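Since the structure comes first, as structure tokens, the remarks are kept for the end.
Residue numbers (the numbering used here): 22 to 646.
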């Protein structure tokens, strides 16, 4: 097919007879176009191909620059296409065949209008599906970055390239791929939504798989290989061994404590590793880094012994103690009980924190088990060594309240010297149900040493012993049947607690709280109480308010009975005297007197019966109360 340029060259190169050539006609164009115009146009059209608008045809690149590509499709004019439509193919060169879409045979300027992009789009979907079916390798241009991956131009279609499918190793900088043309495989097509997913990773996995098989076949435990740090996680480091990955667990990075692998290695760092174990089936390789150096315990000073002082840094804290690193890989535990001579419960965080430089004494040392226990309290003298001298029985001291129990108060006289004040030794007179009623945590309290148990490191202390026992004086003051004024401070089903003055209390049973008007006394009332029982040994005073008015009634009843008894005896004396005088009288007088006596006795009988009944009723009432 002759092009326009070739036709022009043929016309210029046609032979001419210079002797007979009509130069005037040439100057007037009459010599060249001497045939009819229609005939000339028909001959010219025969040299050109026919184009149809909307067709996809093949053309040849005849020129290109930074902005445009000139394509010849055999038409009377060439088409100019923006070079941006070929950015997927940066290697485009003159002479290369390309497909173009005929948008118009000519524009306003008579220029052929072509589009490579539209041609690709019309054929792209079929090509993409064909590439998926045949598992073909295709080229694509990475246009931009998007969430989770990249957008790739494939045959004019925007396909998605997931970040995980860019390469076999994790990609840290997606932007470095933007603007690049790479080879891909179509891995998924959604026909309904026309979504295409491509992968670059799939191209190299087959090659890597072959490499993996070759590498795995040559692996041996204990083998030392060179690798590159591929990925760092919180639990370990992935190493690229040249096509196969292995994992160095965080515990195999260093003999010392490692908080995060980033403390030891960096991305893309090359290092030697030793193969600890591998699984052919699962393609798992366990690697080690610390195993390339001797164990620090083997290099520990052989002269080190129990009792020696060592220095180190606190690397781990726990509630029960602190781990101190003597040298990288050699640690000792300082238990919380070895941090202070104090006996009361405390947390290790109160003494130390991570990063502290400490000096400690070796308490136990086991090279075989690679264990060491340390102590820091041993750096100060044991306060219990001279306890009998410093805190002798009977001496008085000031202590600080540390803790409460139901049975007493734990106090600290000094660091490491603790003691117990039993609840019964807090007060001579006050009934204390819980120590919190008497003092509070953190408060100072005066104590006297009652007993020393050096073996168990215990002191028995007292507070009430600071004063004389007031019950010696109370024995006379609160003798039985003495009456005292008291105030009811507390009541329960059994009775009431009665305050008899400062720090002295008595107890009144419930039935002894009945007042004279029949009502029961209440909390806050101040009344008179009679002591009905006093015990110095048990420090107990039993009181009664009811006895006060019961005793008054009983005394009145007894006085009334005594008065009636005296009246009865006087009446009997009168009768006796009368009887005697009657006997001395005459018979006539006797009969008269006898009649008088009978009348008198008859009159006395009802009076005596009434008096006996009244007296019996008074006695019964008193006994009932």
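Glycine included, C-beta positions come from ideal geometry on N, C-alpha and C. For clarity, every value in this text was computed on a predicted model and none was experimentally measured.
Item, Value
"Pair every Cβ in the segment 321–330 with every Cβ in the segment 363–378, then say whether three or more of these pairs are closer than 8 Å.", "no"
"On a CA-only basis, which of 477, 550, 296 is nearest residue 246? Give me that one, please.", "296"
"I'd like the span of the beta strand (DSSP E) that includes residue 135, first residue to last.", "134–136"
"Can you have a look at residue 454 and say buried or exposed, based on whether 16 or more other CB atoms are within 10 angstroms of its CB?", "exposed"
"Taking the alpha carbon of residue 316 as the point to measure from, which residue in 276, 348, 130 has its own alpha carbon closest?", "276"
"How many Å lie between residue 539 and residue 570 at the Cα?", "11 Å"
"Skipping 5 residues on each side, what residues in its chain have a beta carbon closer than 7 Å to that of residue 116?", "81, 82"
"Select from 294, 225, 224, 154 the residue whose C-alpha is nearest the C-alpha of residue 313.", "294"
"Any idea which residues DSSP pairs residue 380 with across the strands?", "332"
"Give a yes or no on contact between the segment 556–567 and the segment 524–538, applying the rule of three or more CB pairs nearer than 8 Å.", "yes"
"How about residue 487 and residue 467: do their beta carbons lie closer than 7 Å?", "yes"
"Using 8 Å for Cβ pairs, my map puts residue 78 next to residue 94. What's the rounded Cβ distance?", "5 Å"
"Are the Cβ atoms of residue 429 and residue 438 separated by less than 7 Å?", "no"
"On the premise that residue 136 lies in contact with residue 124, defined as a C-beta separation below 8 Å, what is that separation, rounded to the nearest angstrom?", "5 Å"
"Is it right to say residue 484 is buried, meaning 16 or more other beta carbons lie within 10 angstroms of its own, or is it exposed?", "buried"
"Is it the case that the segment 173–184 contacts the segment 137–148, given that we only count it when at least three CB pairs across the two stretches are under 8 Å?", "yes"
"Grouping DSSP H, G and I as helix and E and B as strand, with all else coil, what is residue 522?", "strand"
"So, with DSSP's three-state summary, where would you put residue 575?", "helix"
"Out of 203, 388, 422, which one is the CA nearest neighbour of residue 162?", "203"
"Please report the residue range of the beta strand (DSSP E) in which residue 562 lies.", "561–565"
"Who are the near neighbours of residue 287 in its chain, counting only those whose CB is closer than 7 Å to its CB and skipping five residues on each side?", "250"
"Between 509, 219, 270, 110, which lies nearest to residue 309 when the distance is taken from Cα to Cα?", "270"
"How should residue 609 be labelled, buried or exposed, when 16 other C-beta atoms within 10 angstroms of its C-beta is the threshold for buried?", "Only weak support is given to the placement of residue 609: the predicted model assigns it a pLDDT of 49, under 50, and the question is left unresolved by the model."
"Return the first residue and the last residue of the alpha helix (DSSP H) that residue 408 is part of.", "408–411"
"In chain order, what residues of the same chain have a beta carbon less than 8 Å from the beta carbon of residue 132, not counting five sequence neighbours either side?", "98, 100, 101"
"Taking the beta carbon of residue 607 as the centre, do at least 16 other beta carbons fall within 10 Å, making it buried, or is it exposed?", "Caution applies to residue 607, whose pLDDT of 49 falls short of 50 and renders its modelled position unreliable; the value that the coordinates give is listed next. That one is exposed."
"How long is the line joining the alpha carbons of residue 239 and residue 265, rounded to whole angstroms?", "12 Å"
"Let me make sure I understand the geometry here. Which of 262, 258, 547, 263 has the alpha-carbon closest to that of residue 284?", "258"
"Between residue 292 and chain B, is there a C-beta pair that is closer than 7 Å?", "Considering every chain present, this structure includes no chain B. It has just one protein chain."
"Closest to residue 354 by C-alpha separation, out of 362, 113, 548, 334, would be which residue?", "334"
"Among the candidates 452, 157, 198, 92, whose CA atom is the shortest distance from the CA of residue 521?", "452"
"Pull the bridge partners of residue 345 from the DSSP assignment, please.", "335, 353"
"One question on the structure: do residue 282 and residue 253 come within less than 7 Å of each other, judged by their Cβ atoms?", "yes"
"Within the chosen definition, does the segment 343–360 reach the segment 387–398 through at least 3 CB pairs nearer than 8 Å?", "yes"
"Name, in chain order, the residues that DSSP records as bridge partners for residue 418.", "468"
"From the DSSP secondary-structure annotation, give me the bridge partner or partners of residue 441.", "431, 481"
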